[in-house]
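Have a look at the structure below, then the notes.
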Amino acid sequence: MRRCNCRRAPSTPASRLEQRLTMKFSHQKGPCKRSHWACLASKCGSQRINTQSSPLPFPSASTNISAYRDTLMSSPAPLLPILKSLADPTRLALVDVLSRGSFNVSELCFALELGQSTVSRHLRILLDASVVALRKEGREAYYRLETEPVPPLLTETLRHLNQDRAPDRDARLSETWERRRRRSRVFFDNLAPETGEGRADYLGSPDCVPLLLRLLEHGNVVADVGTGTGRLLPDLAPHARTIIAVDASQSMLDRARETAGSLESADVDFRLGDIEHLPLADGEADRAVAHMVLHHAPDPGRAVAELSRALAPGGMVLVGDFLPHENQWMREEMADQWLGLDESDIRLWLARAGLREITFERVQSEASSMGVFVATAKKPNLRNQQ
561 MRRCNCRRAP STPASRLEQR LTMKFSHQKG PCKRSHWACL ASKCGSQRIN TQSSPLPFPS
621 ASTNISAYRD TLMSSPAPLL PILKSLADPT RLALVDVLSR GSFNVSELCF ALELGQSTVS
681 RHLRILLDAS VVALRKEGRE AYYRLETEPV PPLLTETLRH LNQDRAPDRD ARLSETWERR
741 RRRSRVFFDN LAPETGEGRA DYLGSPDCVP LLLRLLEHGN VVADVGTGTG RLLPDLAPHA
801 RTIIAVDASQ SMLDRARETA GSLESADVDF RLGDIEHLPL ADGEADRAVA HMVLHHAPDP
861 GRAVAELSRA LAPGGMVLVG DFLPHENQWM REEMADQWLG LDESDIRLWL ARAGLREITF
921 ERVQSEASSM GVFVATAKKP NLRNQQ
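Heads up, the final residue of the sequence shown is numbered 946 in the numbering used here, and it's a clean run with no missing numbers.
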């Protein structure tokens with residue numbers, strides 16, 4: 561075995577994370593007990609390692625350490641500050657939670673059963689290391705796991721460490737999701753008909769409908785996800801033989817049935833269910849339309865993944881929604897979970913859902929100062945790719 565050219569004194573792992581990431585290097589003069597990541601980053605000359613005691617699936621004994629080290633050193637963000645920021649059980653738990661969605665400080669405190677000052681202090685460290693990102697929406701601030709700077713190798717490491725995920729933490733996160741769903745569901749169940757239509761006209765949401773319909777290709781089965789009062793059903797009917805109208809509110813579905821009563825060009829199938837757990841079989845729809853619904857979704861990324869699941873190969877998904885805005889009253893009075901959606905997020909969610917040919921077009925509302933957009937994407941047709 562080659563000697564380690566590193567002359568620093570061995571150090572003892574100071575945290576659970578370092579213990580999990582420590583690999584003992586076998587040299588002629590004894591094992592180097594430095595952190596595996598630190599040893600690689602220091603460019604020590606070790607070329608062969610003993611990985612039998614390593615809990616991680618990489619690198620294997622056949623790994624080219626020089627190439628592996630170069631990959632780490634060429635990552636988009638400095639690797640050592642990231643790893644240092646994660647060398648704490650609390651921050652590692654925060655990353656675990658944020659890897660599953662965006663949360664505000666109050667929700668993070670509930671999920672981890674920690675005080676606000678403790679959570680805020682650890683979030684600041686993760687922010688400084690570019691491990692998490694912050695998005696401010698009105699008076700709320702939401703944190704999420706940063707996608708760009710975190711190297712894929714680190715992502716794989718965190719995925720491996722998720723096997724230690726606490727069951728009670730999962731239960732508290734599930735409760736957080738349900739609180740968000742319940743808030744939206746109660747709002748729409750109690751929404752007066754004249755209030756709903758009046759608010760929609762004021763906000764200018766119909767401004768994206770002409771573009772959405774122009775981009776919509778004909779399909780045998782079109783899913784109108786978040787159909788609400790069914791205001792889109794007459795416009796969708798010429799584009800489909802069957803429309804599956806989905807909504808999480810029974811009250812909204814009842815009103816949508818009234819709207820669809822006079823339709824003759826398409827059959828309408830009404831189904832109760834939320835956008836993150838669609839009552840559709842895999843690949844059941846040729847087209848999926850989500851008009852003014854994602855900003856109500858507890859987790860828009862998960863909702864987009866559900867749209868993709870329900871889409872047949874070669875099918876198209878169309879999303880029409882608000883661009884980012886600062887109208888805090890919409891969260892308080894209309895149960896909006898998100899104050900608009902950013903183009904980069906939409907593109908990321910669509911791509912992660914396995915969709916391709918992504919387009920994004922902005923539309924300035926004539927009825928208000930709020931902008932809207934229409935995004936489209938297609939599910940690859942595997943038969944055409946072969």
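Heads up, the beta-carbon is just placed ideally off N, CA and C, and yes, glycines get one too. Small disclaimer: the values here were computed from a predicted structure and weren't measured.
Report task. Starting from T789, trace the alpha helix (DSSP H) both ways and give me its first and last residue. Result -> Where T789 is concerned, there is no enclosing alpha helix (DSSP H), given that its DSSP letter is neither H nor E.
**Report entry** According to DSSP, residues forming a beta bridge with L705
**Finding:** DSSP output for L705 lists V692 as bridge partner(s).
Query raised in the report: Which residues in the same chain have their Cβ closer than 6 Å to the Cβ of A857, if we skip the five residues on either side of it in sequence?
Result: The answer, listed in chain order, is I835 and A863.
Query raised in the report: Which runs of the beta strand (DSSP E) spanning at least 3 residues fall entirely within the segment 804-860, listed in chain order?
Result: Listed in chain order, the complete beta strand (DSSP E) runs (minimum 3 residues) inside the segment 804-860 are 827-832 and 845-851.
Report task. Label W898 either buried or exposed according to how many other C-beta atoms from any shown protein chain fall within 10 Å of its C-beta, with 16 as the threshold for buried. Result -> Looking at its Cβ environment, which holds 16 or more other Cβ atoms inside 10 Å, W898 is buried.
Query raised in the report: Alpha carbon to alpha carbon, what distance is there between S809 and L654?
Result: Taking the straight line from one Cα to the other gives about 33 Å.
**Report entry** Of the listed residues G861, R869, G779 and G900, nearest to D881 (C-alpha basis)
**Finding:** Looking at the Cα atoms, G900 is the closest of the given residues.
**Report entry** Same chain only: Cβ atoms within 6 Å of T650, ignoring 5 sequence neighbours per side
**Finding:** Excluding residues up to 5 positions away in sequence, H682 lie with their Cβ nearer than 6 Å to the Cβ of T650 in the same chain.
Query raised in the report: Is it true that the CB of C768 sits closer than 7 Å to the CB of V877?
Result: Judged by beta-carbon spacing, C768 lies beyond the 7 Å limit of V877, meaning their Cβ atoms are not closer than that value.
**Report entry** Backbone CA spacing between D859 and R801 [nearest angstrom]
**Finding:** Rounded to whole angstroms, D859 to R801 spans 31 Å at the Cα level.
Report task. Run the proximity test for E886: is its beta-carbon closer than 6 Å to any non-hydrogen atom belonging to the ligand FMN? Result -> Looking for the ligand FMN in the displayed structure turns up nothing, as the structure carries no ligands at all.
Query raised in the report: Can you name the start and end residues of the beta strand (DSSP E) that D881 belongs to?
Result: It spans L871 to F882 - the beta strand (DSSP E) in which D881 sits, taken as one unbroken run.
Requested in this report: Just mark S645 as buried or exposed, buried being the case when its beta carbon has 16 or more other beta carbons within 10 Å.
Outcome: Around the beta carbon of S645, 16 or more other beta carbons lie within 10 angstroms, which makes this residue buried.
Query raised in the report: Using 8 Å as the threshold, is the segment 777-789 in touch with the segment 842-858, meaning 3 or more CB pairs across them?
Result: Result yes; three or more Cβ-Cβ pairs closer than 8 Å.
Query raised in the report: L658 to R745, Cα distance in whole Å?
Result: If you draw a straight line from the Cα of L658 to the Cα of R745, it comes to about 24 Å.
**Report entry** Distance between E921 and E777 (C-alpha atoms, nearest Å)
**Finding:** C-alpha of E777 to C-alpha of E921: approximately 17 Å in a straight line.
Query raised in the report: Under a three-way DSSP split, which group does E667 fall into?
Result: Three-state result, E667: helix.
Report task. For the segment 883-926, list the alpha helix (DSSP H) runs that are entirely contained and at least 4 residues long, ordered along the chain. Result -> DSSP assignment within the segment 883-926 yields the following whole alpha helix (DSSP H) runs of 4 residues or more, N-terminal first: 888-893 and 903-912.
Query raised in the report: Considering only C-alpha positions, which residue in the set P794, V923 and E818 is nearest to P884?
Result: It is V923.
Query raised in the report: By DSSP, does E673 sit in helix, in strand, or in coil?
Result: DSSP, reduced to helix, strand and coil, places E673 outside both helices and strands of the structure shown, so it counts as coil.
Requested in this report: Please name the residue, chosen from A647, W737, S690 and L705, that lies closest to A671 on a Cα-to-Cα basis.
Outcome: Each of A647, W737, S690 and L705 was checked against the Cα of A671, and the nearest Cα belongs to W737.
Query - Beta-carbon proximity list for P794, same chain, < 7 Å, skipping 5 on both sides - result: Result list for P794: L823, in chain order.
Query raised in the report: When the Cα atoms are used, what is the spatial distance from R916 to S868?
Result: Just so you know, the alpha carbons of R916 and S868 end up roughly 11 Å apart.
Query raised in the report: Skipping 5 residues on each side, what residues in its chain have a beta carbon closer than 6 Å to that of G874?
Result: Counting only Cβ-Cβ distances below 6 Å, and skipping sequence neighbours, we find N941.
Report task. Within the same chain, show all residues whose beta-carbon is closer than 7 Å to that of R740, passing over the 5 residues directly before and after it, in chain order. Result -> Contacts found: P858 and Q897.
Query - Beta carbon of L687 nearer than 7 Å to that of V679 - result: 7 Å or more divides the Cβ of L687 from the Cβ of V679.
Requested in this report: Compute the Euclidean distance between the alpha carbons of P798 and K938, then round it to the nearest angstrom.
Outcome: Cα to Cα, P798 sits roughly 20 Å from K938.
Requested in this report: Excluding the 5 residues preceding and the 5 following W909 in the sequence, name in chain order all residues of the same chain whose CB lies nearer than 6 Å to its CB.
Outcome: The residues G861 and V864, in chain order, have a CB closer than 6 Å to that of W909 in the same chain once the five nearest residues on each side in sequence are set aside.
Query raised in the report: When DSSP labels each residue in this structure, what does P617 get in the three-state scheme?
Result: The predicted model places P617 with a pLDDT of 38, which falls under 50 and marks its position as unreliable, so this point remains unresolved.
Report task. Starting from K938, trace the beta strand (DSSP E) both ways and give me its first and last residue. Result -> That run of the beta strand (DSSP E) goes G931 to K938.
Query raised in the report: Can you tell me whether T919 is buried or exposed, with buried defined as 16 or more other CB within 10 angstroms of its CB?
Result: Classification for T919: exposed.
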